[in-house]
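Residue numbers (full-length UniProt numbering): 1 to 87.
If you want it as structure tokens, here you go:
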């Protein structure tokens, strides 16, 4: 365990940030799964609405430094291809 005050503070802040990041990643994965489920069900209107919300969350995660921009780009591209395949 750390001895200095600043190190103790860093540990506490790192734990707080970790908890926030884990929660955000979990909600993002849930959003992606909901979008994929809507696509597989063939409901294009719902899929597009969920896709827009997911894109917003992906962009937010990139701006917060939680995910890399290439990860977000890959996910958006993958989902958009599936939506376009619906017709």
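Each residue gets a CB set at the ideal place from its N, CA and C atoms; glycine is no exception.
inquiry  = So the candidates are 66, 80, 23, 26; which of them puts its Cα closest to the Cα of residue 49?
reply    = 80
query = So what does DSSP say about residue 64, is it helix, strand or coil?
reply = coil
query = Would you report the Cα separation of residue 30 and residue 57, rounded to the nearest angstrom?
reply = 11 Å
ask   = Could you check where the alpha helix (DSSP H) with residue 43 kicks off and where it finishes?
value = Taken as a continuous stretch (DSSP letters only), residue 43 belongs to no alpha helix (DSSP H), as it is neither H nor E.
key: Closest Cα partner of residue 75 within the set 87, 6, 2, 35   = 35
Beta-carbon contacts of residue 53 that lie in its chain and below 7 Å, excluding the five residues immediately before and after = 31
ask   = Alpha carbon to alpha carbon, how far is residue 4 from residue 11?
value = 11 Å
ask   = So, does the CB of residue 50 fall closer than 7 Å to a CB anywhere in chain B?
value = Included in the structure is just one protein chain, with no chain B present.
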